[in-house]
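Trainee: Shown below is the structure under consideration.
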Amino acid sequence: MSQKYELTYLPAKGKANLIRLMLADQGIPYKYTEYDRANWPAAKPNYPFKQLPVLTVDGSIQIAQSHSIARYLAREHGLMGSNSIEQAQVDMWLDQTLDLRNRLLNVVHIDFEKLLQPFLNSLPDMLEIFETRLAAQPASAKHLALGKLTIADYALFDVLYYLQLLRPESLDNTPVLKAFYTEFAARPKLRAYMETDEFKCLRATGSPHLQ
Amino acid sequence: AMSSNTYELTYFPVKGLGNMIRLILEDQSIKYKFNLITKDTWADFKPTTPFGQLPVLTINGKTKISQSHTIARYLGREHGLMGSNNIEQAQIEMWIDQTIDIRTKFLRMIYENYEAGKQPFIDSIPAQLEPFEKQLTGDSAHLLFGKLTVADYIVFDVLLVLVALSPTCLDSSPHVKAFYTSFGARKNLHAFLEKPEIKSMKFTGSMHV
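The listed protein sequences correspond, in order, to chains A and B.
Per full-length UniProt numbering, the very first residue in the first sequence carries number 1; after that it's consecutive.
Per full-length UniProt numbering, the very first residue in the second sequence carries number 1; after that it's consecutive.
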């Protein structure tokens, strides 16, 4: 049986992690294919922007760019609100997590020595937005948007995962975020996926600064 | 398609991340109020925004949407510029994301490494535009589906700032250049960009562009 979805990436968690966490947690089946350093260069021209991840839908339609893939899957699976305004409200939180992720990835990939400390200095302000938002939600519904689970929650969890890999004490001053992370990580299917050998053995990024 | 929403767009006196939103609104003749924030009024306005950032789109006087590309995507959906189904929407969005990669590199150069980084960045423009050049080869009027989508506005907006940095930077990308010329001739869009207060507005908060 051929899968509706095929996700293609490189041997890292990287930008595919958010998508894979969501697919695993939602129980959405997909085929996963991976290029390695040796065979990727020859395969590049087959992909829209010569970059990965790419989601191939129904065997032929290629969606590139990790956040566009995430938004597409979210819309398909009820994780992006019920109308256009709700979609925008989820989307803006998704973009906000992307800002944080991009700054983290800049540190790791562009100039670790120069950028690490400024990043850590700016972290409290960047995290405060999320901390305040979640603190304002009822205890039973610690979600970023619409009072319910959306793709924005997966994106937040994903960036907090990387943040704690970089610095395990990253969330020590944001108790609500720390509790969000712990609770989200305990979601049964998500936890099962994160306990697989495949997940555990996959390095975080291609950089030596974040393994 | 016109929606019945009322819009207020709040931003600084710079083209920056607000310009692509204004291009959509102006070219599509969508009524909106532009709320200009200056250094003096920002401190009071900031706490009323979702993330302490601009631009913000206020819909029907109450719903505030932050993040410039979220706003652009929202307006695209509301006004028939986002494809006919979820897959088309995703394809439009991936091209928008690709422009964000270019804009991000540009802004990093402008704010963090202008002296040493300007020429290498300009030299990298043809390579960065390669997927767009390829995509526009069949039809240089529109990026996708042979029809106007919100991606066209956003690509055009990025090209505006690249050309401001280096007027000849599109010369090696003839189909992109043809798109830039024809899109820039759209009546409402051109009229908006030619307004004295818009024409004189800088692209960034830096002194360079």
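Every residue gets a Cβ at the ideal spot worked out from N, C-alpha and C, and that includes glycine.
Remember, predicted model here, so these are calculated numbers, not experimental data.
(1) So, is A/N121 buried or exposed, given that buried needs 16 or more other C-beta atoms within 10 angstroms?
(2) Can you name, in chain order, every residue of its own chain whose Cβ lies under 7 Å from the Cβ of B/E133, other than the five neighbours on each side?
(3) Where DSSP assigns a beta bridge to A/Y64, which residues make up the other side?
(4) DSSP three-state call for A/N39: helix, strand or coil?
(5) Using only the alpha-carbon positions, how far apart do residue 211 of chain B and A/A204 sit?
(6) By Cβ distance below 6 Å, which residues in the same chain neighbour B/L25 in space, the five residues on each side in sequence not counted?
(7) Mapping the DSSP letters down to three states, classify A/E6 as helix, strand or coil.
(8) How is B/T99 classed by DSSP in three states: helix, strand or coil?
(9) Give a yes or no on whether 9 Å exceeds the smallest Cβ distance from B/A90 to chain A.
(10) Let me make sure I understand the geometry here. Which of B/F156, B/L81, B/S206 and B/G138 has the alpha-carbon closest to that of B/A185?
(11) Tell whether a beta-carbon distance below 9 Å holds between B/D97 and A/S2.
(12) Looking at the structure shown, is A/Y47 part of a helix, part of a strand, or coil, going by DSSP?
(13) Going straight from the alpha carbon of B/T6 to that of B/E78, what length do you get?
(14) Report the residue ranges of all beta strand (DSSP E) runs contained in full by the UniProt domain "GST C-terminal" (83-207) of chain A; include only those spanning at least 3 residues, in chain order.
(15) Could you give the residue range of the beta strand (DSSP E) that holds B/F34?
(16) How do the region 27-42 of chain B and the region 45-57 of chain A stand: do at least 3 beta-carbon pairs fall below 8 Å, yes or no?
(17) So if I threshold CB-CB distances at 7 Å, which residues from the UniProt domain "GST N-terminal" (5-83) of chain B count as touching chain A?
(18) Ends of the beta strand (DSSP E) at B/T63?
(19) Specify the secondary structure class of B/V56 as computed by DSSP and reduced to three states.
(20) Report yes or no: is there a C-beta of chain A within less than 9 Å of the C-beta of B/T204?
(21) Where does B/H190 land, buried or exposed, given buried means 16+ other C-beta within 10 angstroms?
(22) Under 8 Å by Cβ, that's how I've got B/A151 and B/F203 pegged, so tell me the actual separation to the nearest angstrom.
(23) How big is the Cα-Cα spacing for A/D158 and A/L127?
(24) Taking the CB atoms as reference points, tell me whether B/I65 and B/Y74 lie closer together than 9 Å.
(25) Considering only the beta carbon of each residue, do B/L170 and B/L159 sit closer than 9 Å?
(26) Taking a cut of 9 Å between CB atoms, which residues from the region 95-127 of chain B lie near chain A?
(27) So with CB distances below 9 Å, who are the chain A contacts of B/N86?
(28) Given that a residue counts as buried once 16 or more other Cβ atoms are within 10 Å of its Cβ, and exposed if not, what is A/Y162?
(29) If the cut is a Cβ gap below 7 Å, which residues of chain A does B/E133 touch?
(30) Quick one: does A/V176 have its CB under 9 Å from some CB of chain B?
(31) A/Y30 by DSSP, collapsed to three states: which one?
Mentor: Once the coordinates are examined:
(1) Counting Cβ neighbours within 10 Å, A/N121 comes out exposed, since fewer than 16 surround it.
(2) Counting only Cβ-Cβ distances below 7 Å, and skipping sequence neighbours, we find S173, H175 and V176.
(3) Looking at the sequence itself, residue 64 of chain A is Ala, so the reference to Tyr does not match. DSSP lists A/V54 as partners of A/A64.
(4) In this structure, DSSP gives A/N39 a state outside helix and strand, which the three-state scheme calls coil.
(5) In the structure as shown, chain B starts at 1 and stops at 209, and residue 211 of chain B therefore has no counterpart that could be examined.
(6) Here the set comprises Y32.
(7) A/E6 falls in the strand class under three-state DSSP.
(8) Look at B/T99 here: in three-state DSSP terms it is helix.
(9) Interface residue, yes.
(10) B/A185 has its Cα closest to that of B/F156, out of B/F156, B/L81, B/S206 and B/G138.
(11) The answer is no: Cβ separation not under 9 Å.
(12) Note: A/Y47 maps to coil in three-state DSSP.
(13) Their Cα atoms are separated by approximately 12 Å.
(14) The DSSP assignment places no complete run of the beta strand (DSSP E) inside the UniProt domain "GST C-terminal" (83-207) of chain A (cut-off: 3 residues).
(15) Taken as a continuous stretch (DSSP letters only), the beta strand (DSSP E) holding B/F34 covers K33 to L36.
(16) Fewer than three pairs of CB atoms, one per stretch, sit closer than 8 Å, so the region 27-42 of chain B makes no contact with the region 45-57 of chain A.
(17) Listed in sequence order: P50, F51, I59, T63, I65, S66, Q67, H69, T70, R73, Y74, R77 and E78.
(18) For B/T63, the enclosing beta strand (DSSP E) covers residues T63 to S66.
(19) Here B/V56 carries a strand assignment [DSSP, helix/strand/coil].
(20) No, because no Cβ of chain A sits closer than 9 Å to the Cβ of B/T204.
(21) B/H190 should be labelled exposed.
(22) The Cβ separation is near 20 Å, so there is no contact.
(23) Straight through space, the alpha carbons of A/L127 and A/D158 are spaced by roughly 14 Å.
(24) For B/I65 and B/Y74, yes; Cβs fall inside 9 Å.
(25) A distance below 9 Å separates the beta carbons of B/L170 and B/L159.
(26) Taking 9 Å as the Cβ-Cβ cut-off against chain A, the residues of the region 95-127 of chain B that qualify are W95, I96, D97, Q98, I100, D101, T104 and R108.
(27) Chain A residues near B/N86: Y72, R75 and E76.
(28) Label assigned to A/Y162: buried.
(29) In chain order: nothing, as chain A lies at least about 12 Å away.
(30) When Cβ-Cβ separations below 9 Å define contact, A/V176 makes no contact with chain B.
(31) Three-state DSSP puts A/Y30 in coil, outside helix and strand.
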